[in-house]
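Be aware that the sequence shown starts at 47, since it is given in the numbering used here, and climbs by one per residue.
Just below is one structure, and these are the notes that go with it.
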Amino acid sequence: MEGIAKPKVVKILIKNIKSLVQFDDGKRLKVSGLEMKKLPCLENAWLAIEGDKIADFGEMKDFPGISDWSNLQVIDASGKLVFPSWCDSHTHIVYAGNREQEFVDRINGLSYEEIAKRGGGILNSAKKLADATEDELFESAMKRIREVILLGTGAIEIKSGYGLSFEAELKMLRVIKKIKGNIAIPVRATFLGAHAVPVGITKENHIENVISKMLPKIAEEKLADYCDVFCERNYFTKDETIRILVEANKYGIKGKVHAEQLSHAGGIEAGVESKALSVDHLEFANESDLSLLKSSDTMPTILPGAQFFLGLQYPPARKMIDAGLPLAIASDYNPGSCPSGNMNFMIALACINYKLTPEEAINAATINSAYAMGLGKTHGSIAIGKQANIFITKEIPNYAVIPYSFANNPVETVILDGKVIS
Ligand code: NIG
Ligand code: FE
47 MEGIAKPKVV
57 KILIKNIKSL
67 VQFDDGKRLK
77 VSGLEMKKLP
87 CLENAWLAIE
97 GDKIADFGEM
107 KDFPGISDWS
117 NLQVIDASGK
127 LVFPSWCDSH
137 THIVYAGNRE
147 QEFVDRINGL
157 SYEEIAKRGG
167 GILNSAKKLA
177 DATEDELFES
187 AMKRIREVIL
197 LGTGAIEIKS
207 GYGLSFEAEL
217 KMLRVIKKIK
227 GNIAIPVRAT
237 FLGAHAVPVG
247 ITKENHIENV
257 ISKMLPKIAE
267 EKLADYCDVF
277 CERNYFTKDE
287 TIRILVEANK
297 YGIKGKVHAE
307 QLSHAGGIEA
317 GVESKALSVD
327 HLEFANESDL
337 SLLKSSDTMP
347 TILPGAQFFL
357 GLQYPPARKM
367 IDAGLPLAIA
377 SDYNPGSCPS
387 GNMNFMIALA
397 CINYKLTPEE
407 AINAATINSA
417 YAMGLGKTHG
427 SIAIGKQANI
437 FITKEIPNYA
447 VIPYSFANNP
457 VETVILDGKV
467 IS
C-alpha cells in the first residue's frame, strides 16, 4: 500500500570467524558410522544472515565485500567459533517442583526403581503437577528454557507424561503449545501419556484411556507432534508400546520410545516395528537391537546426563557408531533422572564416558538430534536457507575444548531467528 514502508530485512554479518563449525549444503539429514568422525569446518570464515535465515558463508579470503550497509549489524568473531545451535530432541522440561529428596534417598542407597515402587519417581512429579496451574507450569518451564538457550540450545522437544490423567495431560500439552508461541526456538511437543500408570486405575484401563480418550482429543486439538511410551519393566511392555504407537501413527503422530534404560524390555524392537522417529536411552541395547536399527530409519539417541545422574551402566554408544549406525545426543532434562539441560555437558559426558570423539558428539548434538525431532531440513547445520539459530563461542582454540572444559559454558553470543539475543 502506498505510504507504508516495507519492513526492513535485518542483516547480520559475522566476520573473522576462527572456525565455522558444521557447515553443509543443507541436503544431509543425518550422519552415520565413520561419517560421524568428520565435522566440516571452515577456518577464518564469514557468515551472513538475512531476516531469520542463513544467507551465505565462506572464507574471509573470498569475502565479496559489503554493497549494502543498511540495517547491517557487523560482529567480529576473531578467536571465536560459530556453531549451529544444539538441538535437544528429548526433554521433560515442563514440570512442577523438584525431587531432590529422591536424590538424597539414592545417595543413601535406594535405587531409582525402589523409589518409584514407593510412589516416588514419575508419580511424585504427577502429584506435584496436578496441583500446579498452567501459568505456574508455563513460567517455570520458560525460565528453564531461557537458561538452556544461553547454553546454546536452539531447538527443543518437550514431553508431557507428568499429567497421566486426561485433564492433566491436556494441561501439560497446552502449556507446551503456549511455550511454542512464546519462544524464538522451535518446540516439538510429544504426548507421553504412557509414562507410568496413575494411582487408582489398572494398566489396561490407562492404556485404553491413552488410546481411546487422550489420543483422539490431542490429535483433534493438534497438541502433539509425536507420541512416546516408557517401555520398561514395571511400566509398559513391548507389545503395549507397539499398540499405542500404532494408534498414534493412525493420526499421523510418529512415535518415540524410552527404550532399554533400566533393563532390556524390547523398546528398540517396538520402536523399529512401529517406525518410530527415535529410540532413546539404550543402556541395555544388545547386538540384535543394533542390527535391527541398521535396517531402519529410527534414530538411536543417548541421554548421557540421565545415565550419569542415575549411575546406570553405559549404553553401547561406541559400538553403535562402529557398527555404522547414526547416533543422537539429547539431555532428557527432567526432575527425576536429569535435572540439567546443558547440552555442552551432555557432549562432554559422551566423550569422557563413552569415548565418542568431539566430532562424533557434536554431530550427535546437531545434525542427528535435529533429525530425531523432525527438524533436519531447517536446523542442525550451517547451510544457506536454514534457520539462523546459531551461537558464537567465547575465545577458544578449537571445538574439542567444549567437551574438554566439561563444566564450563563455551557460549558467548546466541542468535535466534536472525536476532542477537545475548
Ligand atoms: O527419561 N525414564 C523415564 N522417564 C524419564 C524420567 C522420569 C522421571 O524420573 O521423572 C527419563 O529418564
Ligand atoms: Fe525421558
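Every residue gets a Cβ at the ideal spot worked out from N, C-alpha and C, and that includes glycine.
Count the other CB atoms, across all protein chains shown, that sit within 10 Å of the CB of M218; report buried if there are 16 or more and exposed otherwise.
Walking along the sequence shown from the start, residue 218 turns up at place 172. Buried is the call here.
From this set, A434, L197, G317, which residue's C-alpha is nearest R289's C-alpha?
Walking along the sequence shown from the start, residue 289 turns up at place 243. Closest in alpha carbon position to R289, among A434, L197, G317, is G317.
For L339 and P346, what's the separation of their Cα atoms in angstroms?
Against the sequence shown, residue 339 aligns to sequence position 293. Against the sequence shown, residue 346 aligns to sequence position 300. Straight-line Cα distance between these residues: approximately 8 Å.
Ranges of the alpha helix (DSSP H) found wholly within the segment 158-206, counting only runs of at least 4:
The segment 158-206 contains these whole alpha helix (DSSP H) runs: 158-163, 168-176, 180-195.
By Cβ distance, which residues of its chain are closer than 7 Å to L92, with the 5 residues on each side in sequence left out?
Here residue 92 corresponds to residue number 46 of the sequence shown, with the count starting at 1. Leu is not the amino acid found at residue 92; the sequence shown has Trp there. Contacts found: L59, I60, K61, I63, F103, G104, M106, F109.
Which residues does DSSP pair with Y272 in a beta bridge?
Counting from one through the sequence shown, the residue named residue 272 turns up at place 226. DSSP, once it has assigned bridges, lists T236, K300 as partnering Y272.
May I ask whether a heavy atom of the ligand FE can be found less than 7 Å away from the beta carbon of D378?
Taking the first residue of the sequence shown as position 1, residue 378 is located at position 332. Indeed, a heavy atom of the ligand FE lies less than 7 Å from the Cβ.
Beta strand (DSSP E) segment containing K99, residue limits:
Numbered from its first residue, the sequence shown carries residue 99 at position 53. Under the DSSP assignment, K99 falls in the beta strand (DSSP E) whose first and last residues are 99-105.
Under 7 Å from any heavy atom of the ligand NIG, does the C-beta of Q307 make it?
Here residue 307 is taken as the residue at index 261 of the sequence shown, counted from 1. At least one heavy atom of the ligand NIG is nearer than 7 Å to the Cβ of Q307, so yes.
Give every residue of the same chain whose Cβ lies closer than 6 Å to the Cβ of K259, excluding the five residues on either side of it in the sequence, and list them in chain order.
What you label residue 259 is simply residue 213 of the sequence shown in a count that begins at 1. Cβ neighbours of K259 within its own chain (closer than 6 Å, five residues either side excluded): F212.
F276: CB within 7 Å of a non-hydrogen atom of the ligand NIG:
Taking the first residue of the sequence shown as position 1, residue 276 is located at position 230. F276: yes, Cβ under 7 Å from the ligand NIG.
Answer yes or no: the CB of H136 versus the heavy atoms of the ligand FE, is any distance below 7 Å?
Within the sequence shown, residue 136 is the residue found at index 90, counting from 1. Relative to the ligand FE, the nearest heavy atom lies less than 7 Å away from the CB of H136.
Taking DSSP as the reference, what is the three-state secondary structure of T287?
Reading the sequence shown from its first residue, position 241 is the one you call residue 287. In the three-state reduction of the DSSP assignment, T287 falls in the helix class, which pools H, G and I.
Given this structure, state the Cα-to-Cα distance separating L196 from T248, to the nearest angstrom.
Within the sequence shown, residue 196 is the residue found at index 150, counting from 1. Within the sequence shown, residue 248 is the residue found at index 202, counting from 1. Take the alpha-carbon of L196 and the one of T248: they are about 43 Å apart.
Taking 8 Å as the threshold (C-beta atoms), are C277 and H252 in contact?
Numbered from its first residue, the sequence shown carries residue 252 at position 206. Numbered from its first residue, the sequence shown carries residue 277 at position 231. No Cβ-Cβ contact shorter than 8 Å links H252 with C277.
Does the contact criterion of 3 or more C-beta pairs under 8 Å hold for the segment 228-239 versus the segment 257-273?
Flag = yes, the segment 228-239 and the segment 257-273 touch.
What is the DSSP secondary structure of L408, reduced to helix, strand or coil?
Here the question's residue 408 lines up with position 362 in the sequence shown. Reading off the sequence, residue 408 comes out as Ile, not Leu. Of the three classes helix, strand and coil, the one that applies to I408 here is helix, per DSSP.
In chain order, what residues of the same chain have a beta carbon less than 6 Å from the beta carbon of S65, not counting five sequence neighbours either side?
The count along the sequence shown starts at 1 and reaches residue 65 at position 19. Apart from sequence neighbours up to five positions away, the residues of its chain that approach S65 with a beta-carbon distance below 6 Å are C87, E89, L127, ordered along the chain.
Output the distance between the C-alpha atoms of E146 and Y208, rounded to the nearest integer angstrom.
Along the sequence shown, one-based indexing puts residue 146 at 100. Along the sequence shown, one-based indexing puts residue 208 at 162. If you draw a straight line from the Cα of E146 to the Cα of Y208, it comes to about 17 Å.
Could you tell me which residues DSSP pairs with V460 in its beta bridges?
Sequence index remark: in the sequence shown, residue 460 carries index 414 (1-based). Looking at the DSSP output, V460 sits in a beta bridge with F437.
Is any heavy atom in the ligand NIG found nearer than 7 Å to the beta carbon of I290?
Counting from one through the sequence shown, the residue named residue 290 turns up at place 244. Result no, Cβ not under 7 Å from the ligand NIG.
DSSP state of I153, grouped into three classes?
Taking the sequence shown and counting its residues from 1, the one referred to as residue 153 is at position 107. Correct three-state label for I153: helix.
Option nearest H310 by Cα separation, candidates N399, A418, P361:
Translated into the one-based positions of the sequence shown, residue 310 becomes position 264. When only C-alpha atoms are compared, the closest one is P361.
Nearest neighbour of I100, chosen from R152, K423, G312, S468 [CA to CA]
The sequence position of residue 100 within the sequence shown is 54, counting from 1. Restricting attention to R152, K423, G312, S468, the CA atom closest to the CA of I100 is found in K423.
Out of E159, A142, E203, which one is the CA nearest neighbour of F184?
Within the sequence shown, numbered from 1, the residue matching residue 184 stands at position 138. Of the candidates E159, A142, E203, the one whose C-alpha sits nearest the C-alpha of F184 is A142.
Alpha-carbon spacing of K84 relative to G301, whole angstroms
Within the sequence shown, numbered from 1, the residue matching residue 84 stands at position 38. Within the sequence shown, numbered from 1, the residue matching residue 301 stands at position 255. About 29 Å.
Within 10 angstroms of the Cβ of I467, are there 16 or more other Cβ atoms? Answer buried if so, exposed if not.
In the sequence shown, residue 467 corresponds to position 421, counting from 1. With fewer than 16 other CB atoms across the displayed protein chains lying within 10 angstroms of its CB, I467 is exposed.
Can you give the Cα-Cα distance for E405 and I191, rounded to whole angstroms?
In the sequence shown, the residue the question calls residue 405 occupies position 359. In the sequence shown, the residue the question calls residue 191 occupies position 145. Spanning the alpha carbons of E405 and I191 requires a straight line of approximately 26 Å.
When burial is assigned at 16 or more other CB atoms within 10 Å of the CB, is V221 buried or exposed?
Counting from one through the sequence shown, the residue named residue 221 turns up at place 175. It is buried - the Cβ of V221 has at least 16 other Cβ atoms within 10 Å.
Looking only at its chain, what residues have a beta carbon closer than 8 Å to the beta carbon of P262, apart from the 5 residues adjacent to it on each side?
Taking the sequence shown and counting its residues from 1, one reaches residue 262 at position 216. Y297.
S186: which of N380, I430, Y445, T459 sits nearest, CA to CA?
Along the sequence shown, read from residue 1 onward, the residue named residue 186 stands at position 140. Measuring from the Cα of S186, the nearest candidate turns out to be N380.
Cβ of N435 within 8 Å of Cβ of A201?
If you number the sequence shown from 1, residue 435 lands on position 389. If you number the sequence shown from 1, residue 201 lands on position 155. With respect to A201, N435 sits close: the two C-beta atoms are nearer than 8 Å.
For E286, is the classification buried or exposed, using 16 other Cβ atoms within 10 angstroms of its Cβ as the cut-off for buried?
Position 240 of the sequence shown holds residue 286. Buried, since its Cβ has 16 or more Cβ neighbours within 10 Å.
Here's the rule I'm using: 16 or more other beta-carbon atoms within 10 Å means buried, otherwise exposed. How should S116 be labelled?
One-based indexing of the sequence shown puts residue 116 at position 70. Exposed, because fewer than 16 other Cβ atoms sit within 10 Å of the Cβ of S116.
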